[in-house]
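First up is the structure itself, then whatever we jot down about it.
There are 2 protein chains.
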Amino acid sequence: MVNVNFKPSKEYVEKAFAAFDVLEGRKGRGNDFLGWMDLPSDTPASIVDGCCAIADEWRQKGVEVAVVIGIGGSYLGAKAALAALSHSFGMERRGIEVVFAGFNLSEEYHAELLDYISGKSVAVIVISKSGTTTEPAVAFRIIKEHVEGKYGKAEAASRIVAVTDKARGALKSLSDQEGYRTFVIPDDVGGRFSVLTPVGLLPIAVAGYDIRALLRGAASMQRICAERDARNPALLYAAARNELYDSGKKVEILVSYNPKLQYFGEWWKQLYGESEGKEGRGIFPASVNFTTDLHSMGQYIQEGERMLFETVISVEHAGRELTVCDDPQNLDGLNFLSGKHLEHCNRMAETGTRLAHEDGGVPNGRVTVERIDEFNLGELFFLFEKACGISAYMLGVNPFDQPGVEAYKKNMFALLGKPGYEAQAEAIRERLR
Amino acid sequence: MVNVNFKPSKEYVEKAFAAFDVLEGRKGRGNDFLGWMDLPSDTPASIVDGCCAIADEWRQKGVEVAVVIGIGGSYLGAKAALAALSHSFGMERRGIEVVFAGFNLSEEYHAELLDYISGKSVAVIVISKSGTTTEPAVAFRIIKEHVEGKYGKAEAASRIVAVTDKARGALKSLSDQEGYRTFVIPDDVGGRFSVLTPVGLLPIAVAGYDIRALLRGAASMQRICAERDARNPALLYAAARNELYDSGKKVEILVSYNPKLQYFGEWWKQLYGESEGKEGRGIFPASVNFTTDLHSMGQYIQEGERMLFETVISVEHAGRELTVCDDPQNLDGLNFLSGKHLEHCNRMAETGTRLAHEDGGVPNGRVTVERIDEFNLGELFFLFEKACGISAYMLGVNPFDQPGVEAYKKNMFALLGKPGYEAQAEAIRERLR
Chain S
1 MVNVNFKPSK
11 EYVEKAFAAF
21 DVLEGRKGRG
31 NDFLGWMDLP
41 SDTPASIVDG
51 CCAIADEWRQ
61 KGVEVAVVIG
71 IGGSYLGAKA
81 ALAALSHSFG
91 MERRGIEVVF
101 AGFNLSEEYH
111 AELLDYISGK
121 SVAVIVISKS
131 GTTTEPAVAF
141 RIIKEHVEGK
151 YGKAEAASRI
161 VAVTDKARGA
171 LKSLSDQEGY
181 RTFVIPDDVG
191 GRFSVLTPVG
201 LLPIAVAGYD
211 IRALLRGAAS
221 MQRICAERDA
231 RNPALLYAAA
241 RNELYDSGKK
251 VEILVSYNPK
261 LQYFGEWWKQ
271 LYGESEGKEG
281 RGIFPASVNF
291 TTDLHSMGQY
301 IQEGERMLFE
311 TVISVEHAGR
321 ELTVCDDPQN
331 LDGLNFLSGK
341 HLEHCNRMAE
351 TGTRLAHEDG
361 GVPNGRVTVE
371 RIDEFNLGEL
381 FFLFEKACGI
391 SAYMLGVNPF
401 DQPGVEAYKK
411 NMFALLGKPG
421 YEAQAEAIRE
431 RLR
Chain X
1001 MVNVNFKPSK
1011 EYVEKAFAAF
1021 DVLEGRKGRG
1031 NDFLGWMDLP
1041 SDTPASIVDG
1051 CCAIADEWRQ
1061 KGVEVAVVIG
1071 IGGSYLGAKA
1081 ALAALSHSFG
1091 MERRGIEVVF
1101 AGFNLSEEYH
1111 AELLDYISGK
1121 SVAVIVISKS
1131 GTTTEPAVAF
1141 RIIKEHVEGK
1151 YGKAEAASRI
1161 VAVTDKARGA
1171 LKSLSDQEGY
1181 RTFVIPDDVG
1191 GRFSVLTPVG
1201 LLPIAVAGYD
1211 IRALLRGAAS
1221 MQRICAERDA
1231 RNPALLYAAA
1241 RNELYDSGKK
1251 VEILVSYNPK
1261 LQYFGEWWKQ
1271 LYGESEGKEG
1281 RGIFPASVNF
1291 TTDLHSMGQY
1301 IQEGERMLFE
1311 TVISVEHAGR
1321 ELTVCDDPQN
1331 LDGLNFLSGK
1341 HLEHCNRMAE
1351 TGTRLAHEDG
1361 GVPNGRVTVE
1371 RIDEFNLGEL
1381 FFLFEKACGI
1391 SAYMLGVNPF
1401 DQPGVEAYKK
1411 NMFALLGKPG
1421 YEAQAEAIRE
1431 RLR
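Protein chains in written order, with this note's numbering: chain S, 1 to 433; chain X, 1001 to 1433.
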């Protein structure tokens, strides 16, 4: 069960209600991309069953590694969930090992990925709405060649599943032609809001985690966040962060005290950065993992430019048990911790830091999570999505577009000699001279 | 060979020269912590040989995993170097596998670390100036118990090496008593400047990498950066970033296009954040890995609040070869890339992004590196250290202290019942009511 402790002023709660009404009334900017709001309650059992069936089939077939190809919203949700749910050292797997590809253009990374999978039984999940995004498309060419070379075309087709558009696009066409099974990315769900579609569900199921519990958690938060109520956690978070932004706090740091939430921070950065960072506005999203980063970013946060606030994800129960051993000699002077749980020390570090940062002029609010499991992750995903819609409407921007993402791509295509970009290429060459 | 392309104004170059003179003259604030300036040239062969001897001995003994215990500057340098130099999937190891501990207080992490090492032949490097920093001291109690339980006290002592103060402190006392071999953290080198002491050298050597080449690279950069010359790259970087800061660019993003440099970004964030983030001042350091994060932070960087600038680490040559396969059907429309190296696409993405961000109001400078290897990493480490000293003096702060790091610790100790903190504990309990 997830709770929040943000305390925005009445004025900002009112503003948040207004944005909430625009979102719930589905009459704001970008309102053709609101499909994510109903995913938890409305995802048909057939989709969930379909994901689980692929997971079972591949497990029975002896698949050892599933390569998940995707970038941005087609990468970060599954990556965040798997990092949160998996053993830190890859032990005690519940399902198939998942590795990612196509989320960068690194030659070394992809060559080393081929090293890794070459002796193993492999399956592939390729995720792309269009099938033409450079990074995943290039990676898929490489991985497809590898898998077809290993198994032949027919067997390879049974080991490749595509998550893509329902009717159009290169990946859909290819899937139909090659006989890949497909899952649909709904038209009204943008990439960064897609973790509860098969984009996230399929990789998470293949890795052996309970996607039904994930959706149940999200559905529970969907109900809570639909209430037009001043205790609505999405509303409170949206109100608080806009109030802080308007008061000059231009950087928000998402803080966690569990290293498994590192990639949850990356997912959150995309969600908020891409939804709000436009028209010269928006909070700059950063993330840290404490206590690790108290020994790196801690000094800055305590005493640097006073333009920061923090949102702390506080996990109440650890998944394992380990206590501090006693040392009769006590040379390190830590016997006052003997017999205490490490996580107790971690939580006291959290409370101590919260107070210290408050004293240093860094306001902070908290999102409390019972434990890290599928249900609670589902709650967290939906809470932050809903709050993001409200928050971006409060800021006055369209939460669901990303016009700035194209700028570098046009230059890149011109530099790479893509047909149709000849004039732009000439202009760039001129500029680089 | 590392190069930079920063173009600060004459005024800021002059200011940088003034700060350079203070640093070189060793008369600025914190000048009892300048030992790092001479490490590349003055590190005696005996230290390097000593690190390599431990590596050889443990390899011959069949050690499979070395647990490196440390936090902050006693963690990030080695972590950055090993992430940069190692195979993405842990294959083709040159030396012993290194895992880290004591850089957080997560109960799950440390319990899972014990799962991982329990069936393996283990050695330990424990790094702490005092031996009383909570995270590494707690982890060392746990790992020491494990290793002594496994091998008995005598054999355990041959598998534990401490990197600590030359004469004082809990870890030094314990080492003398138990017969651990030790390496010295010099008195005049602070944690975040310590990667070229045994703090970094020993773990890097144990992992099988060439620390002589690392020091040679650093020594080459030491010579270059000692020149009182307007082409000095450390001076140019320090001048450029202060000029940008004074013009309102309060966030610096360190950009890399190679996923192996992710933790180099973390090392850099500590170096700059902890050196400059004080007295209500300093650039907020953030880092991204492109093209991955172009699909998450890209929108914000292109069009969000105009308070950003970027420093790009540009790697000229990839360590592996992989080209884009041709596809006669060309459904994805990417045949204009057929036969091209992935890294070529990556570099065009880099150039395209540089121009797009410039057009979007995000100035960017570049640090060019020939390839990722020990020599170039040595150059990079020293370049950023030297520039940091100059830059912080330009900003007007002491680069070598970190007064703000203690604030949370005092609260934490009070909350954990540390003897001597009773009054503070009562005050905190009152405040939390």
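Glycine included, every Cβ here is placed at the ideal spot set by N, Cα and C.
Quick caveat: nothing in here was measured; it's all calculated off a predicted structure.
Boundaries around Ser-1275 (chain X) are those of the alpha helix (DSSP H), 1262-1276, since no beta strand (DSSP E) includes it.
Considering only beta carbons, the part of the segment 1348-1363 of chain X lying closer than 8 Å to chain S consists of Met-1348, Ala-1349, Thr-1351, Gly-1352, Thr-1353, Leu-1355, Ala-1356, His-1357, Asp-1359, Gly-1360, in chain order. About 6 Å separates the CB atoms of Arg-354 (chain S) and Asn-364 (chain S); that is less than 8 Å, so the two are in contact. Of the residues assessed, Leu-432 (chain S) falls on the exposed side of the cut-off, its CB having fewer than 16 other CB atoms within 10 angstroms. In the displayed model, Thr-353 (chain S) falls within a helix according to three-state DSSP. Contact between the segment 382-395 of chain S and the segment 220-237 of chain S is present: 3 or more CB-CB pairs across the two stretches fall below 8 Å. When only Cα atoms are considered, Glu-135 (chain S) and Pro-1399 (chain X) end up about 40 Å apart.
Sequence-distant partners of Val-288 (chain S) (beyond 5 residues in either direction) whose C-beta falls short of 6 Å from its own C-beta, in its chain, are Ile-253, Val-255, Met-297. For a Cβ distance threshold of 9 Å, nothing in chain S lies close to Leu-1244 (chain X): the least Cβ distance comes to about 14 Å. The count of Cβ pairs closer than 8 Å, one atom from the segment 178-189 of chain S and one from the segment 76-84 of chain S, stays below three, leaving the stretches out of contact.
Separation of Ala-1081 (chain X) and Glu-178 (chain S) (C-alpha to C-alpha, rounded to the nearest whole angstrom) is 43 Å. Judged by DSSP in its simplified three-state form, Ile-1069 (chain X) adopts strand. The beta-carbon of Pro-233 (chain S) is placed no less than 9 Å from the nearest beta-carbon of chain X. Contact between the segment 53-64 of chain S and the segment 83-100 of chain S is present, with at least three C-beta pairs closer than 8 Å. The DSSP-derived three-state label of Thr-292 (chain S) is helix. Residue pairing from DSSP places Ile-1125 (chain X) in a beta bridge opposite X:Val-1068, X:Val-1161.
Setting aside the 5 residues that flank it on each side, Lys-1340 (chain X) is surrounded in the same chain by Thr-1323, Val-1324, each with a C-beta closer than 8 Å to its C-beta; the list follows chain order. About 6 Å separates the beta carbons of Ile-142 (chain S) and His-110 (chain S), which is inside the 8 Å limit, making them a contact pair. According to the DSSP secondary-structure assignment, His-341 (chain S) is paired through a beta bridge with S:Thr-323.
Note that the C-beta distance between Val-122 (chain S) and Val-147 (chain S) is below 9 Å. Going by C-alpha positions, Tyr-1257 (chain X) is about 19 Å away from Trp-267 (chain S). The beta-carbon of Ser-173 (chain S) is placed less than 9 Å from the nearest beta-carbon of chain X. Residue contact check for Arg-159 (chain S) against chain X: no CB pair falls below 9 Å. Listed in chain order, the non-local C-beta contacts of Asp-176 (chain S) below 7 Å within the same chain number zero, local neighbours out to five positions each way being set aside. The segment 1386-1423 of chain X is shown to contain whole alpha helix (DSSP H) runs of 4 or more residues at 1406-1415, in chain order. Straight through space, the alpha carbons of Gln-402 (chain S) and Gly-273 (chain S) are spaced by roughly 10 Å.
Comparing alpha-carbon positions, the option among X:Glu-1155, X:Asn-1005, X:Gly-1378 lying closest to Tyr-1209 (chain X) turns out to be X:Gly-1378.
Where Phe-100 (chain S) is concerned, the enclosing beta strand (DSSP E) starts and stops at 97-101.
The closest CA to that of Phe-100 (chain S), considering only S:Leu-196, S:Leu-39, S:Gly-25, S:Ile-204, is found on S:Ile-204. The residues Tyr-1257, Phe-1290, Val-1312, Ser-1314, in chain order, have a CB closer than 8 Å to that of Glu-1350 (chain X) in the same chain once the five nearest residues on each side in sequence are set aside. Look at Ile-1313 (chain X) here: in three-state DSSP terms it is strand.
Nearest C-alpha to Ser-41 (chain S) among S:Gly-396, S:Gly-200, S:Met-394, S:Met-221: S:Met-221. In terms of Cβ geometry, Phe-6 (chain S) and Arg-241 (chain S) form a close pair [threshold 9 Å]. Arg-1192 (chain X) has a beta carbon lying within less than 9 Å of a beta carbon in chain S.
Secondary structure at Phe-1375 (chain X): helix, using DSSP grouped into helix, strand and coil. Rounded to the nearest whole angstrom, the C-alpha separation of Arg-1320 (chain X) and Tyr-393 (chain S) is 46 Å.
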